[in-house]
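Input: a single structure, listed below in structure tokens.
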Amino acid sequence: MKRPGLWLATVAFLTFFLGPFFWQVLTSVWPDGQLTQPLPTSLTFDNYASVLWGRPFLQVLVNSLVAASLTTIFCMAVGASAAFALAKLEFRGRGLLLAAALAVSMFPPIATVSPLYLILRATGLRDTLVGLVPPYATFALPLTLWILTSFFRQLPDELYRAARVDGCTPLGAFWRVLLPLATPGLATTAILVFIFAWNEFLYALTFLSSPEKRTVPVAISLFASEHKEPWGEIAAASVIATLPLVVMTVLFQRRIVSGLTAGAVKE
Amino acid sequence: MNGTVKATGSMGRERRQAYMLVAPAVLVLLGVALYPILAAVWLSLHRLILVFGEQRWLGLENYGFMLGDARFWNALKNTAYFTLVAVTVELLLAVPLALLLNTAFPGRGLLRASVLVPWAIPTVVSAKLWAWLFNPDYGLINRLLPGQDINWLGVPGYALHAAILVDVWKTTPFMALLILAGLQGISEDIYKAARVDGASRWRSFLSITLPLLKPAILLALLFRTLDAFRVFDAIFVLTEGGPANTTETLSIYAYKTLMRAGNFGYGSMLSVMTFLCVVGLSLVYIRLLGKEGRG
Amino acid sequence: MRRPLISVLVLGLVLWTLPGCRRKKEEATAAGGKTPLVFKYQPLGDPVAFRELLADFERKNPDVVLTTEALPNSSDVAHQFFLTSLEGGADDFDVLVVDVVWVPEFARAGWIADISGAFPPEVLRRDFLSGPVEAVVVRDEKDQKDKTYAVPWYVDVGVLFYRTDLVPRAPRTYAELEQFARDARAKQPLLQGYVWQGRQYEGLNCNVFEAIWGHGGRVLDDKGRLELDTEPARAGLAYLRGLIASGISPPGVTSAAEEEARRVFQAGQAVFMRNWPYAWEEAQKPDSPIRGKVGITPLPTVSGEPGWGTLGGWQLAVNAHVSPKRKEAAERLIAHLTSPEANVMMALSYGRNPPRPSVYKDPRLVERVPFIASLLGMVENARPRPVTPYYNLLSDVLQSEFSAAIAGIRPPEQALKQAQRQVDHLTGQFE
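Chains as they are written, first to last, in our numbering: chain A, 3 to 269; chain B, 1305 to 1599; chain C, 86 to 516.
Take a look at the structure:
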């Protein structure tokens, strides 16, 4: 009896979320001259050819991969350990740190571009992919902290206490017992941070200047010539750029939904 | 229930390890985030228009001017409306979506794989995609709707709602994902017990799922509200704040003041104001979340 | 659990060192006696011809090592980038592209260098079109001398496109335009009459200025201050609003920028279009429905004399923060890129209109891109937007008030009064 409702809801959601994306894919093979018609009468793969071979888009994808991966790894490493401490250990300034982290990530980025430019120049990190990680962390790290802290809080204290009784240091208890159980939270955060870093435009535009370091959003913004916008090429590039993210999502989604086993909770 | 663990006997060691664990995060945030914010606050107390290259101390005069600035209040109104409507709609869509993703049925794999696609497309590209969909002459939306073509992006009433639709499309998956992660934390045993007691699905949803989901929902609401309040790309690409500033949000006003006019003093003030509003909102949420954490 | 994480961290460390190493290497080679020059530009199209032009410069100047860095073509994004980096004292690029309305602003802010030594104003006035020269030569208030801050690279002008198969001839007055549009629509009711750019952005200012000029007005008064609450301004703005109200222009014009208008015209669904000359090349593409049916003419006016299109285009300037040695090399690069030969190449390969009037008569242009050669009259008549350091400041105010009038939110008179008040308030703060 529930089934038709589920199917209906699924179809509705799929149409809503994927519909525009399919339109984008269609646009990427739609000849430019026919864009004003309701549907294309012929298809062309010229856009993909020109994006992949006419422009150094593969290099661009690698750059984005590096920047996003570095940011994700950094935030996971720093954020998970800090979140554990915030959730399970008692020390002064916990609430303040979480609140401050949130506040700091909420400052409009456009007002921070100039000062950050000066910082990156002074530290020699301007025009390096690594130099993007600290600015990205100001947004990604608070998100990580909040999600993971909330996640660790939900894990029962008995687990931690049991591990300590067994002789673990707090760090050991974190590493061996709590972290594996937090996989859904880690996977969720990893996806969100990765996608955020992948699609970030303002900092990537301002702090990177060499052509060989360009990331995906900046590269796409360079497709347009003075007045004309090659809509088909932009669509093709965005489809190509979305594929790694979809792959990553599929891989990580399994981890999110696998969830806690009832056994661990019972203990 | 779950709170922090009082370490007996090794409290000092725990505290030290705790500081060690949070130190990297604190260092990064202090080092990279604090300076720009302080710089912006400092600038907001001055008059600095780049064309002149001179900086003049104003104290709180910028803030005083803002109180009488009709454009500021207009931007605040637009931002508040946008945030309220967008986040509400997203929540109403995200909870059923998360529940759906949590239920085992044949279509789930496809839904799981595809639901993050809107979030994954770069914001500017997806905004341009929607701008084309909203095109009054050739856009798919007007083609599908019967009757006269609507000038979606050129009429004040429609434009803001078009932007809201784009935001809902893009960020509902983000919210759903956060709520899904929260759903994972609810043990199956509780449902089994409820079913043994004879509770219907709807009843167990209301009295079990929803209350246990509250932290996740509040977290999702927190981040989404703060993001929606600072919305920029989607609206800028769709309308640039037009027509006649009727879709101008605080972020767009700040952007134009900072980056077009080069008015760093007033623009920084607008950024600080946006920040303060957002901090105010987050305090409300944190208070609600705090109650949950201690519950 | 532990091993994969560690290997990932190690990988991260390796990747971390790689980008850092590369950068230092580049600096080392540049210091090998040669002057490094960095040119910040916007993509023109197929890079082959442009690279050849740059390689030619390097051959003729063996003491210079040239690198290029691309910026998005969006004027907003480029402006924001330059604001951020130049205000931060960036000296890692030498030559930059500057939009036609930025030169006084950048000059006053001290971001671009005075290059009058290499490009004296008199020489520019002699060799280049008067409109662009007016935009790049700034009068120094202190010593009352004209100084050159940029050199025109290519120009643009607002023009009227019309369908040769739908109208008897090019309209010369507004009345003619409306009449021709009505006649054409009487025969084909699904046509739009006149499409232009009415979205709230800089392009709207261009359209409105053209309407004001076409009604006999000037936007700046004799003292060089913005004067908006005038009869021609009211008439021009009312005219534009009237186009929408009377149905000659579709309501969608209020959300249209260049591409939206072009698509309607190119699909064959409009009789007239105001746009930049780039739309011509698009219209003549093999799969264009209007190929061979398009004419181009100056904008109409009340009196019937040829109208004045807004001056667009980009110029080349030198970053004020660079050393004298690099500045000298930068000036050589600019001279190379703005030479008559370079102008010809830009026109032939990229369809960019030359700022040098002499180039329009070059036989190669006349033969291979006759369309550009024919633009000389219109380009000579191009009028710059108000040349003031405060243009970007004021432009914002103008955009929103003009948009209010176009969208029918406020009557033109009220919009102009409010615009004038805000402009006076802003400029009054500076004097």
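All C-beta atoms in this analysis are idealised placements derived from N, C-alpha and C, irrespective of residue type, glycine included.
Predicted model only: the values in this text are computed from it and were never measured.
Can you find a CB in chain C that lies within less than 8 Å of the CB of residue i?
{"i": "E235 (chain A)", "result": "no"}
{"i": "S211 (chain A)", "result": "yes"}
{"i": "T1513 (chain B)", "result": "no"}
{"i": "T140 (chain A)", "result": "no"}
{"i": "G1566 (chain B)", "result": "yes"}
{"i": "V31 (chain A)", "result": "no"}
{"i": "M164 (chain A)", "result": "Reading off the sequence, residue 164 (chain A) comes out as Ala, not Met. So no, A164 (chain A) is outside the interface."}
{"i": "A1548 (chain B)", "result": "yes"}
{"i": "T12 (chain A)", "result": "no"}
{"i": "E1544 (chain B)", "result": "yes"}
{"i": "E202 (chain A)", "result": "no"}
With a CB to CB cut of under 7 Å and the five nearest residues on each side skipped, what residues in its chain are close to residue i?
{"i": "S201 (chain C)", "result": "K232, T233"}
{"i": "M1573 (chain B)", "result": "S1348, N1366, Y1367, M1370"}
{"i": "E416 (chain C)", "result": "I200, A203, V403"}
{"i": "R193 (chain C)", "result": "P474"}
{"i": "G265 (chain A)", "result": "Note that G265 (chain A) scores 29 on pLDDT, short of 50, meaning its location in the model is unreliable and no value can be drawn from it."}
{"i": "D447 (chain C)", "result": "V429"}
{"i": "N201 (chain A)", "result": "P219"}
{"i": "L91 (chain A)", "result": "P172"}
Report the three-state DSSP secondary structure of residue i (helix, strand or coil).
{"i": "R404 (chain C)", "result": "Per the sequence shown, the amino acid found at residue 404 (chain C) is Asn instead of Arg. The answer is strand: DSSP assigns N404 (chain C) an E or B state."}
{"i": "V225 (chain C)", "result": "It is Asp, not Val, that sits at residue 225 (chain C) in the sequence shown. In this structure, D225 (chain C) counts as strand in the three-state DSSP scheme."}
{"i": "L275 (chain C)", "result": "coil"}
{"i": "W281 (chain C)", "result": "coil"}
{"i": "W399 (chain C)", "result": "strand"}
{"i": "V182 (chain C)", "result": "strand"}
{"i": "L122 (chain C)", "result": "strand"}
{"i": "W1456 (chain B)", "result": "coil"}
{"i": "P336 (chain C)", "result": "helix"}
{"i": "A355 (chain C)", "result": "strand"}
Using a Cβ-Cβ cutoff of less than 6 Å, which residues in the same chain neighbour residue i once the five nearest sequence positions on both sides are dropped?
{"i": "L1593 (chain B)", "result": "L1522"}
{"i": "T152 (chain C)", "result": "V123"}
{"i": "L143 (chain A)", "result": "C77, G81"}
{"i": "V179 (chain A)", "result": "L161, A165"}
{"i": "R1351 (chain B)", "result": "R1360, L1362, G1569"}
{"i": "T1543 (chain B)", "result": "L1457, A1463, T1551"}
{"i": "P256 (chain C)", "result": "L262, F265, P385"}
Please report whether the beta-carbon of residue i lies at a distance below 8 Å from any beta-carbon of chain A.
{"i": "G1584 (chain B)", "result": "no"}
{"i": "M1563 (chain B)", "result": "yes"}
{"i": "G1599 (chain B)", "result": "In this prediction, G1599 (chain B) scores a pLDDT of 42, lower than 50, which makes its location untrustworthy; the coordinate-derived value is nonetheless stated afterwards. Cβ-Cβ to chain A under 8 Å: no for G1599 (chain B)."}
{"i": "W361 (chain C)", "result": "yes"}
{"i": "F166 (chain C)", "result": "yes"}
{"i": "F1540 (chain B)", "result": "no"}
Is residue j closer than 8 Å to residue i when the C-beta atoms are compared?
{"i": "A1480 (chain B)", "j": "L1405 (chain B)", "result": "yes"}
{"i": "G174 (chain C)", "j": "H406 (chain C)", "result": "yes"}
{"i": "N1294 (chain B)", "j": "T1553 (chain B)", "result": "No answer is possible for residue 1294 (chain B): the residues shown for chain B start at 1305 and end at 1599."}
{"i": "I112 (chain A)", "j": "M1577 (chain B)", "result": "no"}
{"i": "T258 (chain C)", "j": "T386 (chain C)", "result": "yes"}
{"i": "A296 (chain C)", "j": "Y279 (chain C)", "result": "no"}
{"i": "F487 (chain C)", "j": "V293 (chain C)", "result": "yes"}
{"i": "A1329 (chain B)", "j": "A84 (chain A)", "result": "yes"}
{"i": "P22 (chain A)", "j": "W1434 (chain B)", "result": "yes"}
{"i": "V221 (chain C)", "j": "G283 (chain C)", "result": "no"}
Using 8 Å as the limit for Cβ to Cβ distance, is residue i near chain B?
{"i": "T512 (chain C)", "result": "no"}
{"i": "F225 (chain A)", "result": "no"}
{"i": "G81 (chain A)", "result": "yes"}
{"i": "G126 (chain A)", "result": "no"}
{"i": "I375 (chain C)", "result": "no"}
{"i": "W9 (chain A)", "result": "yes"}
Residue i bridges to which residues according to DSSP?
{"i": "I1468 (chain B)", "result": "I1468 (chain B) pairs with nothing; no bridge assigned."}
{"i": "H300 (chain C)", "result": "According to DSSP, H300 (chain C) bridges with nothing at all."}
{"i": "N466 (chain C)", "result": "Beta-bridge pairing links N466 (chain C) to no other residue."}
Output needed for residue i: all residues of its chain with C-beta closer than 8 Å, excluding positions within five of it in sequence on either side, in chain order.
{"i": "A364 (chain C)", "result": "F246, E343, R347, F350, Q351, M358"}
Short of 8 Å Cβ to Cβ, which residues in the region 1328 to 1346 of chain B face chain D?
In the displayed structure, chain D is absent; the protein chains listed are A, B and C.
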